[in-house]
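Chains as they are written, first to last, in the UniProt record's numbering: chain A, 1 to 245; chain B, 1 to 249.
For glycine and all other residues, C-beta sits at the position ideal for the given N, C-alpha and C.
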């Protein structure tokens, strides 16, 4: 988003009436989502924060949802756009179920649908302001992918959105391996979420972990991570500057 | 019973001197000539069954579905002209998704029945449209419990405990009236519906048929779905056995 786009001169070129029809900036946003493949399926982690700019306004936002029988989705970015995406996905799954023919959409199909949705909106200069993580298992095949708000999409063994890309993925590149057990996977995700909690200003200490295997989806109850602030450097912070706070 | 219209039956916008609209009655005849559709309301849900007359040995079993899901909680069984039935189902699906989109809750079955009936009736009001040549039975499960409605080509819609349309409807209705529906579970209902359909099937006039059944009940989590294969087989076997017993007498 260029600074030149928001100067009054450029605004007129786009047409101020037309502006009220497009997404210009996000308002209530969720921060990172982290996802990994493990032995039995996929694990996704996201906190429950909805920030209103720099204010941590909403603290019970569910950013992980299940999509049909075989997939789970995690979203960061504008929460209202995520709700719109979920409406579209729920309709998609409903129509798929109504065929009642033994077939159902797998994670690959849902990922492709999301990519088309995001890319087409981007082409109209009216994006859905989200970065999405889509994971699932169908017929024993595990799938984990991501789509950005401009339609960039790819799959990998571990993906993240936002700050997660910078803080979590380096950890995952070192410590992820094929056939993690469920406990190892959760521990790894918690390690990533803890780093994000320390270093991302829009993170809140209330997270959920979603698991999907061939059997089905489980989204955990919200819980908090233990943090440690007892570093000697934090004690007596004004030692070198009496009077400051 | 069959009176020739002689001039009063050329358009759906013409009444006959004795107050009948012949085009609508002719449309109903299309429904009467189709394979039997039976539906009952049990204490924990709805069961619907269709006698799908097989027109060609080349047809794949399971094709030409006559029962369609209209939303998560309701389904529609169609009798009469298949293509007309398709339109009605498509309209019902559209009404259901629109309602949920506007009001945030699944469409109450009563409301859905009213909307479908209005739509069918609409096509009997204009000379440049023809009435639908199909009748539907709509079964659904909402907050007010399981409900069964039938919509005829004239656009009337009533709520029923048990309903039947098509060739064997008279015989089917007699059978349904013998059942104690308020005490029956859907599991038992599936067997009874299969028995009725096998019973009213006329071996002499029509050859082969395929039984298609669906239900919405507590067991299916209040979702409309095809009756599970094992239960369907059980029902077919029970129905065939009951037939043989009757023949043996």
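Under 9 Å from the C-beta of residue i: neighbouring residues of chain A
i: residue 72 of chain B; result: 94, 97 and 98
From the options, residue whose alpha carbon lies closest to that of residue i
i: residue 25 of chain B; options: B/212, B/154, B/75 and B/91; result: B/154
i: residue 160 of chain A; options: A/68, A/47 and A/123; result: A/47
i: residue 224 of chain A; options: A/197, A/104 and A/131; result: A/197
i: residue 143 of chain B; options: B/106, B/228 and B/124; result: B/106
i: residue 60 of chain A; options: A/28, A/43, A/68 and A/91; result: A/28
i: residue 232 of chain B; options: B/150, B/50 and B/114; result: B/50
i: residue 119 of chain B; options: B/127, B/132 and B/128; result: B/132
i: residue 18 of chain B; options: B/6, B/29, B/27 and B/28; result: B/6
i: residue 146 of chain B; options: B/103, B/225, B/47 and B/208; result: B/47
i: residue 158 of chain B; options: B/168, B/113 and B/183; result: B/113
i: residue 222 of chain B; options: B/30, B/72 and B/239; result: B/72
i: residue 123 of chain A; options: A/152, A/102 and A/108; result: A/152
i: residue 27 of chain B; options: B/91, B/166 and B/226; result: B/166
i: residue 70 of chain A; options: A/194, A/120, A/103 and A/39; result: A/103
i: residue 265 of chain A; options: A/189, A/205, A/183 and A/127; result: No answer is possible for residue 265 of chain A: the residues shown for chain A start at 1 and end at 245.
i: residue 31 of chain B; options: B/77, B/61, B/8 and B/69; result: B/77
i: residue 65 of chain A; options: A/241, A/185, A/240 and A/209; result: A/209
i: residue 97 of chain B; options: B/121, B/123, B/86 and B/69; result: B/69
Cβ-based burial, residue i [other Cβ within 10 Å; buried from 16]
i: residue 9 of chain A; result: Below a pLDDT of 50, predicted positions are generally treated as unreliable, and residue 9 of chain A, at 46, falls in that range; the measurement from the model is reported next regardless. So residue 9 of chain A counts as exposed.
i: residue 101 of chain B; result: exposed
i: residue 250 of chain B; result: In this structure chain B extends from 1 to 249, so residue 250 of chain B is not present and cannot be described.
i: residue 2 of chain A; result: Only weak support exists for where residue 2 of chain A lies, its pLDDT of 48 falling under 50; the value from the coordinates is given anyway. Its Cβ having fewer than 16 others within 10 Å, residue 2 of chain A is exposed.
i: residue 177 of chain A; result: exposed
i: residue 82 of chain A; result: buried
i: residue 193 of chain B; result: buried
i: residue 129 of chain A; result: buried
i: residue 20 of chain A; result: exposed
i: residue 252 of chain B; result: Residue 252 of chain B lies beyond the range of chain B shown here (1 to 249); nothing can be said about it.
i: residue 35 of chain A; result: buried
i: residue 218 of chain B; result: exposed
i: residue 213 of chain B; result: buried
i: residue 44 of chain A; result: buried
i: residue 238 of chain A; result: exposed
i: residue 150 of chain A; result: exposed
i: residue 12 of chain A; result: Residue placement at residue 12 of chain A is flagged as unreliable, the pLDDT there being 49, under the threshold of 50; the coordinate-derived value follows with that caveat. Residue 12 of chain A comes out exposed.
i: residue 65 of chain B; result: buried
i: residue 95 of chain A; result: exposed
i: residue 249 of chain A; result: The displayed coordinates of chain A run from 1 to 245. Any statement about residue 249 of chain A would go beyond what the structure contains.
i: residue 163 of chain A; result: buried
i: residue 249 of chain A; result: The question about residue 249 of chain A has no answer, for chain A in this structure spans 1 to 245.
i: residue 94 of chain B; result: exposed
i: residue 89 of chain A; result: buried
i: residue 244 of chain A; result: exposed
i: residue 226 of chain A; result: exposed
i: residue 156 of chain B; result: exposed
i: residue 166 of chain A; result: exposed
i: residue 4 of chain A; result: Confidence is the limiting factor: at residue 4 of chain A the pLDDT is only 44, short of 50, which leaves the residue's position unreliable and the question unanswerable from this model.
Contact set between residue i and chain A, taken where Cβ atoms lie within less than 8 Å
i: residue 225 of chain B; result: 100
Neighbour list for residue i in chain B, Cβ cutoff strictly below 8 Å
i: residue 91 of chain A; result: 97
Under 7 Å by beta carbon: chain A residues contacting residue i
i: residue 164 of chain B; result: Under the 7 Å cutoff, chain A gives no residues; its nearest Cβ is about 23 Å from residue 164 of chain B.
i: residue 69 of chain B; result: 98 and 100
Report task. Output the residue ranges of the alpha helix (DSSP H) runs that lie fully inside the region 57 to 130 of chain B and measure 4 residues or longer, sorted by chain position. Result -> Listed in chain order, the alpha helix (DSSP H) elements of length 4 or more contained wholly in the region 57 to 130 of chain B are 82 to 103 and 109 to 122.
inquiry  = Under 8 Å: do the region 192 to 211 of chain A and the region 39 to 57 of chain A share three or more Cβ pairs, one atom per stretch?
reply    = yes
Checklist entry - Is the region 4 to 14 of chain B touching the region 132 to 142 of chain B, taking contact as three or more C-beta pairs under 8 Å? => result With the cut-off at 8 Å, the region 4 to 14 of chain B and the region 132 to 142 of chain B do not touch.
- Item | Unbroken stretches of the beta strand (DSSP E), 3 residues or longer, contained in the region 142 to 211 of chain B | 145 to 151, 157 to 159 and 162 to 165
Check: Does the region 109 to 126 of chain B come close enough to the region 54 to 61 of chain B to have 3 or more Cβ pairs within less than 8 Å?
Finding: no
Give a yes or no on contact between the region 73 to 90 of chain A and the region 77 to 92 of chain B, applying the rule of three or more CB pairs nearer than 8 Å.
no
### Query
Does the pairing of the region 173 to 180 of chain B with the region 189 to 204 of chain B give three or more beta-carbon distances under 8 Å?
yes
**Segment contact flag, the region 35 to 53 of chain B with the region 158 to 165 of chain B, C-beta cutoff 8 Å, min 3 pairs** = yes
Check whether the region 165 to 176 of chain B and the region 193 to 210 of chain B touch, using three or more Cβ-Cβ pairs below 8 Å as the test. yes
Ignoring anything shorter than 4 residues or poking outside the UniProt domain "Proteasome alpha-type subunits" (8 to 30) of chain B, list the alpha helix (DSSP H) runs there in chain order. none
message = At 3 residues or longer, what runs of the beta strand (DSSP E) sit wholly inside the region 125 to 189 of chain A?
response = 130 to 138, 141 to 147, 153 to 155 and 158 to 160
**Request:** May I ask you to verify whether the region 95 to 112 of chain A touches the region 130 to 146 of chain A, counting CB pairs closer than 8 Å and requiring at least 3?
**Result:** yes
To test your reading of the DSSP string, which unbroken beta strand (DSSP E) runs of 3 or more residues are found completely within the region 22 to 65 of chain A? 28 to 30, 33 to 37, 41 to 47, 50 to 52 and 55 to 58
### Message
At 4 residues or longer, what runs of the alpha helix (DSSP H) sit wholly inside the region 29 to 55 of chain B?
### Response
none
- Message: Going residue by residue through the region 75 to 112 of chain A, where are the continuous alpha helix (DSSP H) segments of at least 4 residues, counting only ones entirely within it?
- Response: 79 to 98
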